[in-house]
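*Asks:*
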Amino acid sequence: MSEEASEPGLEKRSVFHDDIFEDRVALITGGGTGLGLEIARTLGEHGARLCIASRKTDNLEAACRELEEEGLDCMWVACDIREPEQVENVVSETMNRHGRLDIVINNAAGNFPAPVTGLSYNGFKAIVDIDLRGTYNVTKAAFEASLKKNGGHIVNISAPFQNQGVSLQAHVAAAKAGVDSLTRTCAVEFGPYGIRVNAIAPGGMEDTEGLARFADAQKEIQGGGSNPLGYIGSKRDVANAVLFLVSDAGSYITGQVFAVDGGAGIDMLKMNLPRVD
Ligand code: COA
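With this note's numbering as the guide, the letters of the sequence shown map in order to residues 1 to 277.
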C-alpha cells in the first residue's frame, strides 16, 4: 500500500479489503502520472487489472513498470483521447488481453491558464476537445465494447470551479461543466444497463501538476491555502473517493458530482477560523 496519507496521523491502511476488484478490469486515462497514476495504483491494490492510457509513451512505460514492481497487473496503450479510432484501439487492446472492461476512469485532461481574450480559437477548442470530447469518446467506446453487456462503472474527473466564475479557466470550466452534464445524462441512460456514472471534483491536491501550476489561484479558491479541514489533500484522497464510488459501498449512487476538496468549495467566507469551542 502507498505510504501516502494526508490527514496528520491518519491510518495508512485501506478501509477496503484488497480483493474487492478481483477479476475486474479498469481503464484509467491519463494514468501515466499524477492523479491518474494514483487512482490506478489504488484500484490495482484492491485487485483490479489495469490499463493506463495517455499520449506520452515514456510516462506510460515508467508508470506501468512502477505498478508492476509493486505487484500489480498493468498494461498500457498510447492514445490521444481526442481521436475516436485511437480510443477504440485502447478499448479493444484491453478487451483482447482481458476479455472485459468494468471500470472506466476518465481522468485525462489538459489545462493552461489564459484569460478569455488571451485564448486563441484553437486553445479553447483544444481543451474542450481533450476534456469533454475525450471523456465522451472513451465513454462511448467502453460502453459499446463491454459495459453495455456486463455493466460497470464510469468515474469522470471533473473540477471544482465550473459552477462559479473563475479567472483564467474559461476553456476548462466550460469543458468540465460539459463533463458534469455528461455524467448525469450517462447515469440516466446507462442505469438500466447496470452502469453507475459519477464524477469527482478534486480541489488542489498535494504533489500534482494542477496545484503546482495553479498554486496562487488555488490559494484564492481555498482561502489562503486553507479549507475547513485545514490541510491540502493528497492524490490518495481523490483515489479513495473513486474507490468508494466504484465499490459496492457506493451501490446506490449514480449521476453525482462529488467535491473532494476538504470543504473548500462550501466555505463561503473563508475566514480560516480556529476551533470555536
Ligand atoms: N496559453 C495560451 N494558449 C495556449 C497555452 C497557454 N499556456 N498552451 C497551449 N495553448 C494553445 C496553443 O497556442 C494552441 O493554440 P494555437 O494553435 O492557436 O496556437 C492550442 O492551445 C493547442 O495547444 P498545443 O500545445 O498545440 O496542443 P496540444 O493539443 O498538443 O496540447 C495541451 C494541449 C493543453 C495538452 C497542452 O497545452 C499541454 O501540454 N498542457 C500542459 C499539460 C496539462 O494540461 N496538464 C494538466 C494539468 S492540470
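Virtual Cβ for every residue (Gly too), placed ideally from N, Cα, C.
Which residue marks the beginning of the alpha helix (DSSP H) containing G123, and which one marks its end?
*Replies:* Per DSSP, G123 belongs to the alpha helix (DSSP H) from Y121 to I127.
*Asks:* Looking at N107 and T29, is the spacing between their C-beta atoms short of 7 Å?
*Replies:* Yes.
*Asks:* Tell me the DSSP secondary structure of G152 in three-state form.
*Replies:* Of the three classes helix, strand and coil, the one that applies to G152 here is strand, per DSSP.
*Asks:* Tell me whether S158, by its Cβ, gets closer than 6 Å to a heavy atom of the ligand COA.
*Replies:* No - the ligand COA has no heavy atom lying nearer than 6 Å to the Cβ of S158.
*Asks:* Should A114 be listed as close to the ligand COA, given that the test is whether its C-beta is under 6 Å from any heavy atom?
*Replies:* Yes, Cβ of A114 sits closer than 6 Å to a heavy atom of the ligand COA.
*Asks:* Which residue comes first and which comes last in the alpha helix (DSSP H) that contains P84?
*Replies:* Taken as a continuous stretch (DSSP letters only), the alpha helix (DSSP H) holding P84 covers P84 to H98.
*Asks:* Considering only DSSP beta bridges, list what A26 is partnered with.
*Replies:* The partner list for A26 (beta bridge, DSSP) reads L50 and I103.
*Asks:* If contact is defined by three or more beta carbon pairs under 8 Å, each pair taking one atom from either stretch, is the region 122 to 142 in contact with the region 234 to 245?
*Replies:* Contact between the region 234 to 245 and the region 122 to 142 is absent, because fewer than three Cβ pairs lie under 8 Å.
*Asks:* May I ask you to list the residues that DSSP assigns as paired with R196?
*Replies:* H153.
*Asks:* Between which two residues does the beta strand (DSSP E) carrying V260 extend?
*Replies:* V260 -> beta strand (DSSP E) spans V257 to V260.
*Asks:* Compute the Euclidean distance between the alpha carbons of G194 and G31, then round it to the nearest angstrom.
*Replies:* Each residue's alpha carbon lies about 25 Å from the other.
*Asks:* Let me know if Q164 comes out buried or exposed under the rule of 16 or more other beta-carbons within 10 Å of its beta-carbon.
*Replies:* Burial call: exposed.
*Asks:* Could you tell me whether the Cβ atoms of A63 and L37 are closer together than 7 Å?
*Replies:* Yes, the pair counts as a contact, with Cβ atoms nearer than the cut-off.
*Asks:* How many angstroms separate the CA atom of I81 from the CA atom of L60?
*Replies:* If I take the Cα positions, the gap works out to 15 Å.
*Asks:* Is the beta carbon of E209 within less than 6 Å of some heavy atom of the ligand COA?
*Replies:* Yes, Cβ of E209 sits closer than 6 Å to a heavy atom of the ligand COA.
*Asks:* Answer yes or no: do V77 and V90 have a C-beta to C-beta separation smaller than 7 Å?
*Replies:* Result yes, Cβ atoms of V77 and V90 sit closer than 7 Å.
*Asks:* How would you call N96, buried or exposed, if buried means at least 16 neighbouring beta carbons within 10 angstroms?
*Replies:* Exposed: under 16 other Cβ atoms inside 10 Å.
*Asks:* Can you tell me whether I266 is buried or exposed? The criterion is at least 16 other CB atoms within 10 Å of its CB, across all chains shown.
*Replies:* Counting Cβ neighbours within 10 Å, I266 comes out exposed, since fewer than 16 surround it.
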